[in-house]
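In the UniProt record's numbering, the protein residues as written are 1 to 359. Ideal placement from N, C-alpha and C gives every residue a C-beta, glycine not left out. Keep in mind it's a predicted model, so treat the numbers as computed, not measured.
Quick look at the structure:
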C-alpha cells in the first residue's frame with residue numbers, strides 16, 4: 001500500500017496535471033478503490049497514510065467533485081489517474097472510450113466492432129465513386145453511344161434469338177461468340193457472389209441483381225457493387241446442400257462453364273481477319289454490338305476483385321494466389337478459379353449464424 005501511494009501514472013486527456021498533483025490524486029484513487037473493499041482493508045490503509053495527507057486528499061476530493069459536475073456538461077473522454085501498481089481484477093469496471101456517434105470503440109463485436117458490424121461507421125467513398133462511374137456509363141449508354149443502324153440491331157437480335165428463319169444471311173462469327181459468352185457471364189458471377197459475395201447479414205439480397213444481369217449484364221450488376229457491404233453472412237452446412245448453392249458449388253458446373261467458354265473463345269479466335277474487321281465496323285456504328293462489347297469488358301474488369309473476395313472467404317489466398325493474375329484473362333481466368341477453388345464445406349469458415357448475429 002505504501003508503494004502504491006508513491007508511484008503513479010496519469011492519462012489525463014484535457015487538463016495537464018503535474019507530478020505532485022497526480023501523486024495526491026493517486027491517494028484519492030486508492031481510497032476510492034478501497035471503499036469497495038472489506039472494512040479491515042480500510043483500517044490498514046488509514047494506519048499507513050499520514051493524517052495530513054488524508055486531509056489534503058479530502059480537500060482535493062471536494063475540488064474534483066466540483067470539477068466533475070462541470071465536466072459532465074462537456075463532451076470528451078473521462079480523465080482518470082491510475083495507480084501504476086494497481087492490478088485490475090475481473091470485477092472492476094472497464095472504461096471504454098465512446099465514439100462521437102455513441103458507439104464503443106475497439107473490439108471485434110458490439111456497437112463499434114469490426115467486421116462490418118451494425119455500429120461500424122461505413123466509408124462511403126468507394127461506393128460513391130463506383131456509383132458515379134455507373135452513372136457515367138449509363139449516361140454514355142443512353143446519350144453518347146453510336147446508333148447508326150437501329151434496324152440492323154433489331155434484325156441481329158432476332159437472328160441471335162432464333163426468331164428469324166433461314167433467310168440466307170450468315171451472322172458474323174465474332175458477334176455470335178460474343179452473344180453466347182455473354183450468356184455465360186451471369187452464371188460465373190452467380191458462382192462468385194453466392195454465397196461469399198452476399199451483403200452483410202443479408203440486408204441487400206444479391207439474387208435480384210443476378211437475375212437482372214441476365215438481361216442487362218454489368219449495367220444491372222454494378223448497383224449491387226455500390227450497395228454491397230462485407231462481410232457475407234455465415235453459411236450453414238444444410239444451406240450448402242440446397243438449391244442453388246449445391247449447383248453453384250459443384251465442380252461439374254464449373255467444368256462445363258469453363259469448357260463452353262473455352263470453345264466459344266476458340267471459335268471466335270479462329271475467325272478470319274475479314275470477320276474481325278467486319279465486327280469492328282459494327283462496333284463503331286451499331287448500338288447493340290457497341291454496348292454488348294462494353295458490357296463484356298466491364299464484367300471482365302470486375303471479375304478479379306470478386307475472385308479475390310471469394311478466395312479470402314475460403315481461406316485459400318495462400319495456396320491460390322497464383323490464380324489472381326490469371327483472373328485478369330477475360331472469362332477464362334475466373335472460370336479456371338471456379339474449377340480449382342476448394343469447396344465451402346472444406347474451408348474453415350464460420351457456420352454459426354447466431355454467433356455473428358449477436359455481435
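Considering only the beta carbon of each residue, do residue i and residue j sit closer than 8 Å?
i	j	result
residue 204	residue 134	no
residue 178	residue 293	yes
residue 428	residue 188	Limits of the chain in this structure are 1 at one end and 359 at the other, which puts residue 428 out of reach.
residue 198	residue 150	no
residue 173	residue 307	no
residue 266	residue 175	no
residue 261	residue 215	no
residue 345	residue 237	yes
In whole angstroms, what is the alpha-carbon distance linking residue i and residue j?
i	j	result
residue 322	residue 251	20 Å
residue 184	residue 299	11 Å
residue 226	residue 200	13 Å
residue 343	residue 195	12 Å
residue 270	residue 125	44 Å
residue 182	residue 313	26 Å
residue 253	residue 167	36 Å
residue 235	residue 193	13 Å
residue 132	residue 186	23 Å
residue 278	residue 242	46 Å
residue 136	residue 310	28 Å
residue 268	residue 305	26 Å
residue 360	residue 272	In the structure as shown, the chain begins at 1 and stops at 359. Residue 360 is therefore absent and cannot be evaluated.
residue 162	residue 301	30 Å
residue 264	residue 180	7 Å
residue 219	residue 327	21 Å
residue 230	residue 297	25 Å
residue 257	residue 228	26 Å
residue 165	residue 280	26 Å
residue 207	residue 169	38 Å
residue 424	residue 315	For residue 424 there is no data in the structure shown, the boundaries of the chain being 1 and 359.
residue 340	residue 246	16 Å
residue 329	residue 319	19 Å
residue 202	residue 336	28 Å
Using a Cβ-Cβ distance under 8 Å, would residue i count as near chain C?
i	result
residue 147	Protein chain content of the structure displayed is limited to a single chain, and chain C is not contained in it.
State the start and end residues of the unbroken alpha helix (DSSP H) segment that holds residue i.
i	result
residue 249	Run containing residue 249: none; DSSP gives neither H nor E here.
residue 149	Element bounds for residue 149: n/a, residue is neither H nor E.
residue 204	No alpha helix (DSSP H) holds residue 204; DSSP gives it neither H nor E.
residue 309	287-313
residue 234	Segment: none, residue 234 is in no alpha helix (DSSP H) and carries neither H nor E.
residue 181	173-193
residue 125	125-139
residue 335	332-340
residue 326	323-326
residue 230	First-last for residue 230: undefined, no H or E at that position.
Which same chain residues, not among the five before or five after residue i, have their C-beta less than 8 Å away from its C-beta?
i	result
residue 190	210, 244, 248
residue 171	156, 159, 160
residue 130	222, 225, 226
residue 138	219
Using C-beta distances below 7 Å, list every residue in its chain close to residue i, excluding the 5 sequence neighbours before and after it, in chain order.
i	result
residue 291	141, 145
residue 153	286, 287, 288
residue 317	311
residue 295	182, 217, 218, 219
Excluding five sequence neighbours on each side, which residues of the same chain lie with their C-beta closer than 6 Å to the C-beta of residue i?
i	result
residue 338	191, 254
residue 73	Any answer about residue 73 is weak, because its pLDDT of 47 lies below 50 and its placement is not dependable; what the coordinates show is given next. None.
residue 259	none
Run the proximity test for residue i: is its beta-carbon closer than 7 Å to any non-hydrogen atom belonging to the ligand HEM?
i	result
residue 201	The ligand HEM is not part of this structure, which contains no ligands at all.
Determine, using beta-carbon pairs with one atom in the region 273-289 and one in the region 141-156, whether at least three such pairs fall under 8 Å. By the Cβ rule, the region 273-289 counts as touching the region 141-156, because three or more pairs are nearer than 8 Å.
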